[in-house]
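Residue numbers (mature numbering (1 follows the signal peptide of the UniProt record, and there is no 0)): -21 to -1, 1 to 688.
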Amino acid sequence: MKRYLLSGILLFLLGSNPANAESRNRNQVQKFSLLNNQLEVDFQNSLNVRLKSFTEETKFSLASQNTVTNLPKNIQPEISETVEVGSYQRSANLLKGIAATDTSLDQVINVNQLRDVAPNDWAYEALRGLVDRYGCIAGFPEQTFRGNQALSRYEFAAGLNSCLQQIERLIAASEAVAQEDLDTVRRLNQEFETELATIAGRVDSLEGRVSFLEDNQFSTTTIFNGEVIFALADAFGGNPPGGCEEVQLNLQNGESSNIVNCGIRSDGVARSTADEPETNTSFVQLTRLGLETSFTGKDRLRTYLISGNFDNGGFTNASALNTNMARLSYQADLDNEVFLDLVEYRFPVLDDNVVISLTPYGFSLSDVLTSNSPYFDTGRGAISSFGQRSPIYGIGGVLDAGVGVDWQIFESLRLQVAYGAANSDDPDIGVFGSNHSSLGVQLLAQPTESVVTGLTYVNSYNSDGVLGTFTGSVNAETNGLWSGGRLPSSEGGGAYPGAGIELGDLPAQTNAFGGTLQWRITDRLTFAASGAYMMTNFLEEIPGFDLDGNINNEMVAGEKPFGNTVTYMFSLGLSDPFNREGDLFAFLFGMPPKLVDAGPKTPGQSVPFFEQAVRNTDPVPITDNDPRVFPTEDNDVGDPNNGNLRPEGTLEQFGQEDEATSLHFEFFYRFKVNDNIFITPGFFFVTNPGHIEDNDTLYVGTIRTTFRF
C-alpha cells in the first residue's frame, strides 16, 4: 500500500496539470529566490536597517532562521497605496477636464520623468528625493501632468502633500523615516505654507504632522507570529532494515554483557530482523511560535517556542530505515511538549554596516553564516534535512549559546563570523570550555546581480569525535566508528573485543572548507550548488591492546586516528511554474557526507551511533546496517573458538573509509494557496544508504502543509 502512496506522490509531482492554473502577473519588484522571488542574499540593503518596516520584516521569518538576510532592508517602492497625481489634482481643482480622462495609473514615475516639469531649484530636487525614496507620486502613462503650464507652486504643493501622506502611513505602520527627510519636509512646509493651506483645506497644519512623525518615530513593538506544519509521510526500502534488539554476550570470565544489536548478519544478510523495515504512514505536526520585539527600530529580540511529534527519530530510527539519510526536514521527536527553541538579540553598529548577534539559547552556525541555499526553510523549502543546506553549517551538532558578527564590507561583499558552544549554561564548563563548540567564518560575495557565492571555514571541537551534521553515514559522522568502541583485550573477555578496552569518547578537532553558489539563470530558473571537505583529527592516541591475550598490536597503538569526509549538492528550481505566482518546482541531487579517507585501520568492536540530532529530543541509535557495528554471529559470540569469528577474534572495524557511494535524489512541488498557506508534495530516494553496497535503495515521500501567520 505504501508503495502505491509514494508512487502516487511521484506521479503527482511529475504530472501536474497546468490547465487550471491561474495566470497571474509577476511582481517585478521582487527579482530573486525560489522562496520569495528574491535571491537568498540582498547585498545592497541587507544591513541597512534604518528604513525598514518592523512589521513587514518579522512577518514570515520563523521558518528560515536564516540570519542577517532576514534583517531589515531599505524601503522598496512596493508600498500598499500610491496616491495618483490625478486624484489630488482633481481634489485641488487645479486642472480642468481631468475627470473626463482615463486616470488609471500602473507605473510609479519619478519626478524627473515628467516632461513638463523643470527641475531648476532646491525644492524640486528635494521633492524628487522624497519621491524616489518613498514612491509617493504616480504619473500618467505618457509621463506628464497634463497641465497647461510648467509645474505651478500649487501643483508642487499637491505633490508635497501626497509625499507627506505617504510618510505618515509608513510611520503609522511603525516604519522608520530618516531624520534628514523629516528636516526636508519641515523646510518644504515653510516655503509652501500658503499653497499647502489652499489645496489642503482638510489639513490644519503640516507643522503638526511633522511633529507627530517625530514624536511617533518608533515605539517598542512586539509581534507574535508562527508556523504550523501538518505532514503525511511514509517510507520503504533500505533492506536489510534495522530491527535493533538487545543481545546478551556470554563472556569467558563467566560474566555477561548486554549490547544494542541492530541486525546481526551472517554472510552479509541480516538474520535477526524482519524482511521489511517497520515503517508506516505517519501524520505528524511541527509547531513554532515566536515573539519578535524591537526597542529602537533597528534591533530585534527573538523568542521562539517549538513542539512536534514525529516520534522515535522518524524513519531514521534503527527499527525503521536505520540511517540519517532518511531524515525529513521537519521531524522533531518532542512528544507534543512545548520547549524553548531560541532566544536571540540582534543590533546594528558602525552606521548599520555591522550586525551583532547574541544568542544565550538555541544557537546554530546558520543563524549567522548565510547558508546561500534556496531551500533552507523548514516549511517551504526542501523536504529532506540533507536538501536544506550544506552539512558544513551543522558541524558541531546541537549547540546552545553563541555570538555572531555580520559585516557588510562593501555593497557586494560581506564577512560573517560565528561561534557557538554546547552546555554553556554549566558554570563548571562555560562558553569556552564546552565539550562541543564550533567557530565559523564566511565570505559572501555578489559579483553580478544574478549570482551570489560564498566561501566557508568551520573549526569544531567535539569530545566524542563526531561531526554532528546528522545527514551522512554513521561511519562519516563518527570519522571511522571510533567513538564509544572497544579494543581487543584478553583481560576483558578474550577474542570478542566488546568487553575489552573501552575507548570511550575520543576528542577530535575538525577543520572544514566549503563553498556555495546561487545563480539566477533566468527570471524563473535558479541553479544552486554547494560542497564541503571536512578533515577530522583525533587528539588522543590509540592505547595499547592485544588480540587474544598474547599478540600485541604495535602497529597502531600510539597513533592518532583521522577521518576526511566529502559532500556535495546540486539543484535546479523553477519558480512560478504554470504562471502560478509563488509556486516552486525543485530537483536536488547530491552525495550525503561520505568518509573518503581514514585511519589507521584497527581491530575492535564499535557501537551504535547515539546522538541528539534535534534540541530537546532523546538520542536515537543508528547503525546504517553496517556489518562492522554488530557481531558477525549471534550464537555464543564470546567464545574464542567460534568458527564464525576470524582467528584474530574480530574484524578491522575502526578507521575504514566508506565502501560505496550513496546518492540523494529529491523532487518537490510547492503550491502557494495564499500568502499564509503552502502545500508541498515531495519525494526523495537514496541509493546505497549509509554508503553501504549491500543496503537497498530507500524511498521517502511526504505531503507537507504549512500554515504561517
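Glycine included, C-beta positions come from ideal geometry on N, C-alpha and C.
query = Under a three-way DSSP split, which group does residue 24 fall into?
reply = Below a pLDDT of 50, predicted positions are generally treated as unreliable, and residue 24, at 33, falls in that range; the measurement from the model is reported next regardless. Three-state DSSP puts residue 24 in coil, outside helix and strand.
task = Less than 8 Å between the CB atoms is what I'm expecting for residue 554 and residue 563, so what's the real figure, rounded?
result = 5 Å
query = Where DSSP assigns a beta bridge to residue 456, which residues make up the other side?
reply = DSSP, once it has assigned bridges, lists no residue as partnering residue 456.
request  = For my contact list, residue 596 and residue 211 are in at a C-beta cut-off of 8 Å; report their separation, rounded to the angstrom.
outcome  = 21 Å between Cβ atoms; not a contact.
key: Between the CA atoms of residue 359 and residue 648 - distance to the nearest angstrom   = 10 Å
ask   = How close, in whole Å, do the beta carbons of residue 364 and residue 450 come, if the pair is a contact with beta carbons under 8 Å?
value = That belief holds up - the Cβ atoms of residue 364 and residue 450 are roughly 6 Å apart, short of 8 Å.
ask   = Near residue 678, which residues of its chain fall below 7 Å by C-beta distance, leaving aside the five closest residues on each side in sequence?
value = -16, 214, 215, 216, 664
query = In the structure shown, what three-state DSSP assignment does residue 295 receive?
reply = helix
query = Assuming residue 667 contacts residue 641 under a Cβ cut-off of 8 Å, what Cβ separation, rounded to an integer in Å, is found between them?
reply = 5 Å
message = For residue 519, which residues in the same chain have their Cβ closer than 8 Å to its Cβ, ignoring the five residues on either side in sequence?
response = 485, 486, 539
inquiry  = Quick check on the burial criterion: 16 or more other C-beta atoms within 10 angstroms. Buried or exposed for residue 158?
reply    = exposed
ask   = Helix, strand or coil for residue 392 per DSSP?
value = strand
query = Alpha carbon to alpha carbon, how far is residue 284 from residue 208?
reply = 14 Å
message = Does the structure place the segment 311 to 331 close enough to the segment 578 to 597 that three or more beta carbon pairs sit under 8 Å?
response = yes
request  = Could you pull out every residue in the same chain whose Cβ sits closer than 7 Å to the Cβ of residue 503, ignoring the five residues on either side in sequence?
outcome  = 553, 554, 555
task = Determine, using beta-carbon pairs with one atom in the segment 457 to 464 and one in the segment 575 to 586, whether at least three such pairs fall under 8 Å.
result = yes
task = Quick one: using the 10 Å Cβ neighbour count with 16 as the cut-off for buried, is residue 412 buried or exposed?
result = Here residue 412 is exposed. Its C-beta has fewer than 16 other C-beta atoms within 10 Å.
message = Does residue 86 come out as helix, strand or coil in the three-state DSSP assignment?
response = Model confidence at residue 86 stands at a pLDDT of 38, short of 50, so the residue's coordinates are unreliable; what they give is reported in the following sentence. Coil.
Residues that DSSP places opposite residue 637 in a beta bridge = DSSP, once it has assigned bridges, lists no residue as partnering residue 637.
query = Hey, residue 107 and residue 160: beta-carbon distance below 8 Å or not?
reply = no
query = Is the segment 361 to 380 touching the segment 440 to 456, taking contact as three or more C-beta pairs under 8 Å?
reply = yes
message = Taking the alpha-carbon of residue 674 as reference, which of 288, 145, 304 has the nearest alpha-carbon?
response = 304
ask   = Between residue 522 and residue 544, is the Cβ-Cβ spacing less than 8 Å?
value = no
inquiry  = Check this for me: beta carbons of residue 546 and residue 570, under 8 Å apart or not?
reply    = Contact: yes.
ask   = Is it right to say residue 685 is buried, meaning 16 or more other beta carbons lie within 10 angstroms of its own, or is it exposed?
value = buried
message = I need the DSSP call for residue 489, collapsed to helix, strand or coil.
response = strand
task = Using 10 angstroms around the beta-carbon of residue 397, count the other beta-carbons present and answer buried if the total reaches 16, otherwise exposed.
result = buried
task = Scan the segment 293 to 339 and note each continuous alpha helix (DSSP H) run of 4 residues or more that stays entirely inside, going in chain order.
result = none
Distance, residue 147 Cα to residue 205 Cα = Each residue's Cα considered, the two are about 29 Å apart.
The segment 379 to 394 contacting the segment 335 to 342, beta-carbon criterion three pairs below 8 Å = yes
ask   = Given that a residue counts as buried once 16 or more other Cβ atoms are within 10 Å of its Cβ, and exposed if not, what is residue 155?
value = It counts as buried.
ask   = Between which two residues does the beta strand (DSSP E) carrying residue 283 extend?
value = Residues 279 to 287.
ask   = To which residues of the same chain is residue 579 closer than 6 Å at the C-beta, ignoring the five residues directly before and after it?
value = Within the same chain, 535, 538, 634 come within 6 Å of residue 579 by CB-CB distance, once the 5 residues on both sides are set aside.
ask   = From the DSSP output, which residues share a beta bridge with residue 431?
value = 497
message = Considering just the uninterrupted stretch of the beta strand (DSSP E) at residue 204, what are its terminal residues?
response = 200 to 216
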